[in-house]
Amino acid sequence: MSTTYVLDTATSRAHPTPAPMKRLNIPGIRQRKIDGVTQHPVVMLTAYTARQAQLLDAHCDLLLVGDSLGQVIYGLPSSVPVTLDMMCAHGAAVVRGSYHAAVVVDMPFGAYESSPQQAFESASRLLKETGCDAVKLEGGTAMAETVAFLVARGIPVMGHVGLTPQAVNVLGGYNARGRSAAEAEKIVGDARAIAEAGAFAIVVEGVVEPLAVAITQAVPCPTIGIGASAQCDGQVLVTDDMLGMFERTPRFVKIYEHLAETISAAAAAYAAEVRARTFPGVEQTYQPK
Ligand code: KIV
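Per the numbering used here, the very first residue in the sequence shown carries number -15; after that it's consecutive.
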């Protein structure tokens, strides 16, 4: 499907043609799974900019403004340094660039863990400043009280269990979780606790396949897998990974395009054309290294 955009300079919104479907809502996403059965898998991709959102919007149920933008956009070593200001700026851009998919914005590390009240301050700021539909936070049983606190106050929450990248300094890396029976049991308990607290969906990241299946069977809300299992109720990928923007991509990622090569080739062609310019009376001296 090809969509074109006309910029409305009064609102900074780019209006798409053809007109998109109505924006999906969070209760509708939750209702994709009824009595443990999912009729339509949930399609989610990350988006960080307005233009990226425009291109992904019509194809997705959910756009996730993930704190993975720390690595993908800012070249940071992990998501730990990502700030609420960054999430607000990128969240607002993605909402401006989308009309159909519901937009979920990650709560960054340090913005919600100390108390439910702190989480409410951060989440309400994200909703007010970006116009997003929901927030996502990492953690299991320890975050259940916070999830219930937010949901009771009008903030839809997506959970995130298994490999939780904000905890990289405790986990010691990004390896798959749940290989031991004890750890697997803990992660199922985490997912149950977050679901019981009212999460409308749960990202299940980096767990062994049987564990992803067990979590999906254990919770009433949709699970959205990444490096987990095709048996999850939905799937998410970091868009830049599946577009082949990086030299190193997690093993589980299916690469649908090789944009890094396309961009390099375009830049090389452009540079060669500019450098081939000749100016009257000027001897060509530039030698590219
Ligand atoms: O930050 C992110 O992009 C995420 C996804 C990997 C689920 O949390």
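Yeah, the Cβ is synthetic: ideal placement off N, Cα and C, and Gly gets one too.
Asked, Found
"Closest by C-alpha distance to Phe184, when choosing among Lys112, Asp217 and Tyr254", "Asp217"
"For Leu47, the first and last residue of its enclosing beta strand (DSSP E)", "Leu46 to Val49"
"Reference Ala179, options Ala160, Ala202 and Ala244, closest by Cα", "Ala202"
"N- and C-terminal bounds of the alpha helix (DSSP H) containing Val258", "Leu243 to Arg259"
"Chain-order list of residues whose beta-carbon lies under 6 Å from that of Thr1 (same chain, five-residue window excluded)", "Thr(-12)"
"Any non-hydrogen atom of the ligand KIV closer than 6 Å to Gly211 Cβ", "no"
"For Leu111 and Cys72, the rounded distance between their alpha carbons", "9 Å"
"Three-state secondary structure assigned by DSSP to Ile18", "strand"
"C-alpha distance - Val56 paired with Asp224, whole-angstrom precision", "7 Å"
"Local Cβ density within 10 Å of Val266, reported as buried at 16 or more and exposed below that", "exposed"
"Secondary structure of Arg161, DSSP reduced to three states", "strand"
"Rounded straight-line distance, which links the Cα of His(-1) to that of Gly20", "38 Å"
"Cβ pair count under 8 Å reaching 3, the region 190 to 205 against the region 135 to 152", "yes"
"CA nearest to the CA of Ser108, picked from Phe93, Leu134, Ile247 and Thr125", "Leu134"
"For His(-1), three-class secondary structure by DSSP", "strand"
"Per-residue burial, Ser213 [other beta carbons within 10 Å of its own, 16 or more giving buried]", "buried"
"DSSP three-state assignment for Gln55, whether helix, strand or coil", "helix"
"Distance cut-off 6 Å: Thr246 Cβ against heavy atoms of the ligand KIV", "no"
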